[in-house]
Ligand code: F6R
Ligand code: MG
Ligand code: MG
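Residue numbers (this note's numbering): 427 to 802.
The structure is reproduced here in structure tokens:
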């Protein structure tokens, strides 16, 4: 029997701005899933980070299953009603269409799913990030799965020395899923050439070259591609299987000590460091900084253990301090240069009107003639 892990995540309302969902909202979603899961799910867990709620569902129906997706959609619909009743901010903001039609992909919520034959022990990690974009995971995934400077296992462990296959998606393409498969180590530079561009190329999944098993799945939704206008940053979720034929938990986590700069932050339009935080952490400074949380689980015969909060360890306090310093440092330059995202990535259109109005105020000065070189 195969097991499927499905994370479906949405922001359907929060307290005090785009900060944190209310207990009532979380309880409503949890209650709905409990009532309706019947024989569909063998287990589930609800996690929150920033203003987002992620539903981790365990079942045997495979990826993209209509009933599983419908259950999550209806749970978020029920949550939206609770959010409206409480007057939460942005109630239902990620449910971009009226009626469910087969699969929540393309309807607003973010999705990451993996199906696999359970190993006798099956550890995996669930990531949630808020106030940022799916490409925020590019660098940590590259380092964890392809760089022996980070992942000693690429040199030491026979199960992973063959490397991994990265499936990368061009998320600016909207007429379908434009994908490329690159194998490391041979394609290392090709992979780096794509992953440098977090706005456009996003790691969608990673597969072991040792046994063909899927190691990672990342949500690649771009809300503005769906809605055609700003509705919030994409706040990606991710599943990673760890240990033995995959990198170890610590190798997957290590790159987050960089607190690398990512797109998002205030109004989804700035650059800020990705701060690793504990479960349930909200947003604060400049609607951020961008945050990421990570739960560790084991799953056995379709049942989840309780989670461990992997960024709770005292080590990460030091990283959080460094991330706060990096956040304040880049904020000192306000809108200037790389502190604010380029025009194409701005999530608010207001600047377009300013620039349009200025058009008519530009004047043209004839090019001045170059001075003739003086003959010597
Ligand atoms: C970023 C985000 C927030 C909002 C900001 C303004 O992804 O969610 O930074 O963009 O709080 O929100 P509105 O436009 O709803 O007032
Ligand atoms: Mg929000
Ligand atoms: Mg969010």
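Don't be surprised by glycine CBs; every beta carbon is placed ideally from N, CA and C.
The closest CA to that of residue 772, considering only 718, 704, 695, 758, is found on 695.
Just so you know, the alpha carbons of residue 665 and residue 632 end up roughly 10 Å apart. Between the C-alpha atoms of residue 491 and residue 673 there is a straight-line separation of about 28 Å.
Annotation: residue 506 is outside any beta strand (DSSP E); the continuous alpha helix (DSSP H) that includes it extends over 492-512.
For residue 696, the Cβ stays outside the 7 Å cut-off from all heavy atoms of ligand 2. Between the C-alpha atoms of residue 627 and residue 646 there is a straight-line separation of about 10 Å. With contact defined as three or more Cβ pairs closer than 8 Å, the segment 467-480 and the segment 440-447 are in contact. Exposure of residue 770 is indicated by the presence of fewer than 16 other C-beta atoms within 10 angstroms of its C-beta. The Cβ atoms of residue 624 and residue 690 lie no closer than 8 Å to each other. Ranked by Cα distance from residue 502, the options 515, 481, 488, 512 are led by 481. Distances from the CB of residue 485 to the heavy atoms of ligand 3 are all 7 Å or more. Rounded to whole angstroms, the Cβ separation of residue 679 and residue 724 is 16 Å, and the two are not in contact under 8 Å.
Distances from the CB of residue 444 to the heavy atoms of ligand 2 include at least one below 7 Å. Residue 728 is positioned such that its CB atom lies no closer than 8 Å to that of residue 520. When only Cα atoms are considered, residue 608 and residue 507 end up about 44 Å apart. In chain order, 695, 696 place their CB closer than 7 Å to the CB of residue 766, counting only its own chain and leaving out the 5 sequence neighbours on each side. Residue 571 carries a helical assignment under DSSP once its states are collapsed to helix, strand and coil. Boundaries of the alpha helix (DSSP H) around residue 454: 449-462.
Around residue 759, the same chain offers 765 as residues with beta carbons nearer than 6 Å, after the five sequence neighbours per side are excluded. Inclusion of residue 701 and residue 715 in the CB contact set at 8 Å is warranted, their separation being smaller than that value. Distance from the CA atom of residue 465 to the CA atom of residue 432, rounded to whole angstroms, is 16 Å. Under the DSSP assignment, residue 754 falls in the alpha helix (DSSP H) whose first and last residues are 741-757. Counting every other CB atom within 10 Å of its CB across the protein chains shown gives residue 634 a total of 16 or more, marking it as buried.
In terms of Cα proximity to residue 706, the closest of 445, 668, 648, 436 is 445. Counted as a single uninterrupted DSSP element, the beta strand (DSSP E) harbouring residue 718 occupies residues 717-726. Cα atoms of residue 595 and residue 637: separation of roughly 23 Å, rounded to the nearest angstrom. Boundaries of the alpha helix (DSSP H) harbouring residue 782: 776-785, taken from the DSSP string.
For residue 476, the shortest C-beta to heavy atom distance toward ligand 3 is below 7 Å.
For residue 581, the three-state secondary structure derived from DSSP is helix.
In this structure residue 536 is not in contact with residue 453, their Cβ atoms being roughly 22 Å apart against a cut-off of 8 Å.
Shortest gap from the CB of residue 648 to any heavy atom of ligand 1: 7 Å or more. When distances are taken from the beta-carbon of residue 437 to the heavy atoms of ligand 2, the shortest one is below 7 Å. Here the C-alpha atom of residue 684 lies approximately 27 Å from the C-alpha atom of residue 434.
Contact annotation: residue 629 and residue 592 have beta-carbon atoms nearer than 8 Å.
For residue 618 and residue 742, the gap between their C-alpha atoms comes out near 27 Å. For residue 561, the secondary structure class from DSSP, reduced to helix, strand or coil, is helix.
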